[in-house]
Structures are given as C-alpha cells and as structure tokens.
Amino acid sequence: MKRSFILIIAAIALLTACKDKKQTEEVKQVKSAAERTSLQENHLLGAVKEVIDSKYMVYPTPDGTDSLVFFATSHDFYNEKGWLCGNVVTDAQNDTISYTHISFDEKGHVTLRELFDKKGVRREHSEYKYDKKGYRVQERTYIMDSLVREQTCTNDPQGNVEQVAVTEGKEHYYLKNTNNNNGLPVRIDWFTNSSCTTPYMQSDLEYDNKGNVINRSVTLNNRSVEYYHAQYNEKGHLLKEVYQRSVPENLVEISTNYSKHDSHGNWTYQENSRNDIHHFVIKREIIYFK
C-alpha cells in the first residue's frame, strides 16, 4: 500500500493508543481509548496467549478454481495482561524471516520495540517515553541507527491523546483529534504546523456500542480519498471489512471476509479480495491462557 495510507493508519492507531493502557487481570472489551490493551486494539476476545496466522496466496487454475499456495506464518505472543510482547515470521520451510521483541519496564510500560532480520541483525527499533502519570508522550523510530520518525503526544487528564507533533525526515506535520466521551477520536485533523487553523486532511470516525470503528472516511484537500467500513454481529464478532482508496488513476477496493470464528468469537478464517480478485487467505490458530 502506498505511504499515505500507511501514515493515515499509523496516525489513527497512535491517536487511539498512544497512552500505555491501564492493565487488568481479566481481558475484556472496553470503550475507553486510554484503557485498551493490544488484544482490544486487535479485536481479540478472551485471554489470548498466542495467535498463529498462516497466509496463503490465491492463484487461479486452468479449470477456473483457485489454488492456495502457502506464503508465510506470523506468530504473535501476548502476556497475561493482554499486551503483545513478540512476533515471529517464518517461511514455507519454517525458517525465520524476521522477529520482533518488545521490552517493558517494571510498571508494564512498553519501552522498546525491536525488529530483527533472519540473521539476528536489528533492522528497526522504536523507543517510548512516558510522563509521571504513565502516559506515553514520545516515540522515536529508527532504521538501523538512523532516526526516521519522531512523534510527541499531548494527553488529556484521562490519558487519551489530544495532539501529536510528527517529524519524519524533512517532513513535519501536526495532528489534533476531537474525542467523544469515551476518549475515542471522532475526528482527526492534519495540519502542516501547530499554528495552522485549516487542516489539509481530515478523518471522521464512527463507532459501535462496543467501541469498534465501523466507519472511517478520509478527505485530502477537500477531496474524498479513503473509506473504511467494518461489520460486526450482535455478539461483537468481526464479520467483514471494506477499504476503498481513490487517488488519481488508482482506484482500489479491498474486501476482507471473516467466515469462521472460535468459541470466544475470534475469527479463524479470513478471505481477502482486491478489486474483486481473490488475493489471499489466512488460516488462524489461537491459543489461550488456561
């Protein structure tokens, strides 16, 4: 996906999760942005310990059917408080492609996220800082030893993010969000600097009664460029997601269907299509704490 989409998703994730969330022994769905753990951000229900996603690329065959060809496995590890603490990506021969290690301080705050290649060389890492209340206020991302991104957060008294200043290479921009009563952003505005009053990009978000994003639209210079919709059933189980991107000479629609779920309501089978062409399938295994 193009860099603009990655920046938008990263910014939305930051604005909904910049504070290190309050930890609880029981993992449950919450509405407040400042209380969400990694499990809730990733739509995972129950005391999840490990998530193993096996990805298969889809190729058409001469008889008109689809053939699934194994691509890679992504293995996430969570601690008992609902925080992601590591990831390993392996190929068809079960050889490691990359792995991520996440470090915590004595209070449970994420302090360091490191990405290593198959040879064990650290390729990327992010460092995090917190204020006296335990709210995340700064994040720095490096590729090798070069700083590529720095963002500084301003939080409200409950720890929900209100503003973010971002420096990415020579590019500087400033985000400001409008939160609802649960601390969830219902509007995010992008400015070229903190003194600007007119945003160059906006995102409007709508949630269901469980705090899940069900609609998100993005406009750039007053032109609609992105739209996202998610469908959940009455139990809060994710059923479908649709993402549309419209930029000059490049119209993309990505549709993701979740047709199988386990007893906790977490999806175990995902089908992804791009512009109505079957793209890939993910088969998921989830291991829970007993």
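Heads up, the sequence shown is in our numbering, so the first residue is 1 and it goes up one at a time.
Ideal placement from N, C-alpha and C gives every residue a C-beta, glycine not left out.
Please list, in chain order, all residues of the same chain as residue i whose beta carbon is under 6 Å from its beta carbon, the five residues on each side excluded.
| i | result |
| --- | --- |
| residue 162 | 154, 156 |
| residue 201 | 190, 220 |
| residue 103 | 111, 112 |
| residue 166 | 151, 173 |
| residue 91 | 72, 97 |
| residue 138 | 129, 152 |
| residue 217 | 204, 227 |
| residue 43 | 238 |
| residue 199 | 189, 190, 191 |
Residues in its own chain within less than 7 Å of residue i by CB, not counting five upstream and five downstream?
| i | result |
| --- | --- |
| residue 193 | 172, 174 |
| residue 287 | 49, 50 |
| residue 285 | 52 |
| residue 235 | 265 |
What is the residue span of the alpha helix (DSSP H) that residue i lies within?
| i | result |
| --- | --- |
| residue 41 | 38-41 |
Check for me: the beta strand (DSSP E) holding residue i runs from which residue to which?
| i | result |
| --- | --- |
| residue 75 | 66-78 |
| residue 263 | From DSSP, residue 263 is part of no beta strand (DSSP E); its letter is neither H nor E. |
| residue 191 | 185-191 |
| residue 61 | Counting along the chain, residue 61 falls outside any beta strand (DSSP E), and DSSP gives it neither H nor E. |
| residue 169 | From DSSP, residue 169 is part of no beta strand (DSSP E); its letter is neither H nor E. |
| residue 230 | 223-232 |
| residue 237 | Unbroken run through residue 237: none, as it is neither H nor E. |
| residue 116 | 110-117 |
| residue 129 | 122-130 |
| residue 280 | 277-288 |
| residue 45 | Careful: residue 45 lies outside any beta strand (DSSP E) and carries neither H nor E. |
| residue 98 | 96-104 |
| residue 139 | 136-143 |
| residue 200 | First-last for residue 200: undefined, no H or E at that position. |
| residue 86 | 84-90 |
| residue 155 | 146-155 |
Determine whether the beta carbon atoms of residue i and residue j lie at a separation below 9 Å.
| i | j | result |
| --- | --- | --- |
| residue 55 | residue 38 | no |
| residue 268 | residue 261 | yes |
| residue 215 | residue 227 | yes |
| residue 243 | residue 259 | no |
| residue 53 | residue 283 | yes |
| residue 322 | residue 275 | Residue numbering for the chain in the displayed model covers 1 to 290; residue 322 lies beyond these limits and cannot be assessed. |
| residue 68 | residue 281 | yes |
| residue 115 | residue 98 | yes |
| residue 101 | residue 86 | yes |
| residue 186 | residue 178 | yes |
If we ignore side chains and look at the alpha-carbon of each, how far apart do residue i and residue j end up?
| i | j | result |
| --- | --- | --- |
| residue 160 | residue 45 | 22 Å |
| residue 188 | residue 64 | 44 Å |
| residue 96 | residue 71 | 13 Å |
| residue 118 | residue 169 | 27 Å |
| residue 106 | residue 93 | 37 Å |
| residue 263 | residue 224 | 39 Å |
| residue 125 | residue 205 | 30 Å |
| residue 144 | residue 266 | 36 Å |
| residue 82 | residue 272 | 27 Å |
| residue 140 | residue 149 | 6 Å |
| residue 181 | residue 78 | 29 Å |
| residue 121 | residue 130 | 27 Å |
| residue 213 | residue 237 | 13 Å |
| residue 207 | residue 62 | 44 Å |
| residue 222 | residue 245 | 15 Å |
| residue 229 | residue 257 | 12 Å |
| residue 36 | residue 210 | 12 Å |
Please work out which residues of its chain come closer than 8 Å, Cβ to Cβ, to residue i, disregarding the five sequence neighbours upstream and downstream, and give them in chain order.
| i | result |
| --- | --- |
| residue 66 | 58, 59, 60, 278 |
| residue 89 | 72, 73, 74, 75, 96, 97, 98, 99 |
Roughly how far, in whole angstroms, is the beta-carbon of residue i from the beta-carbon of residue j, given that I think they are within contact range, below 8 Å?
| i | j | result |
| --- | --- | --- |
| residue 289 | residue 80 | 6 Å |
| residue 158 | residue 183 | 6 Å |
| residue 136 | residue 142 | With 8 Å as the limit, residue 136 and residue 142 do not qualify as a contact, their Cβ atoms being about 17 Å apart. |
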